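Report on one structure; see the data block that follows.
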Amino acid sequence: MHRPRFRINNNGLTLIEVLASMVILSIVIISFMTFFSQSMMFSSKVEDRLTAVNLAEKVLAEVRTAKSIELGEYDTSDEGNHYFQINNKYYYIQAEEVPGQTHLNLIPFYVDVSISEDFNEKDTTRLYGYIENN
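Quick note: the sequence shown uses the numbering used here, first residue 6, plus one each step.
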């Protein structure tokens, strides 16, 4: 008697192979997503820092030109801090003289720019400059 021969077809994928490939692919995608979300957050912080430095340089130049540390021309918050609003964010400004450091007819001062109104060290950019003492 002649038995019929069935050919076994091994060209397809089994369910286990499909599930394993989906797990590996999802692990790779999740790792890339966390990388991109962290890079977006870092980019936002760098943008805030760069804006604060540019703003501090602007205030520094204006203080040198006016030869006074008074910031009366800037907007003032409820707590009395001066601020700029740029890109829908508030940047708070302080300018103060460095006490006891007058040399060669120059008065040293610094300008602080912060994205938080309490001027904590983490969010504050500080630039130093000099005013001619008349």
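Idealized CB from N, CA, C, for every residue including glycine. This structure is a prediction, so every number in the text was calculated from the model and none was measured.
Within the DSSP bridge table, the entry for G134 names F114 as partners.
Each of E67, L18, N93 and A57 was checked against the Cα of S119, and the nearest Cα belongs to A57. Here DSSP, grouped into helix, strand and coil, assigns E84 to coil. Contact between R69 and T130 fails: their C-beta atoms lie close to 18 Å from each other, not under 8 Å.
For Q43, the uninterrupted alpha helix (DSSP H) segment begins and ends at L20 to A71.
Beta-carbon to beta-carbon, Y97 and E126 are separated by about 14 Å, too far to satisfy the 8 Å threshold.
Ranking M45, E137 and V64 by CA distance to the CA of Q106 puts E137 first.
Closest option to H87, judged by alpha-carbon separation, among M45, V51 and D117: D117.
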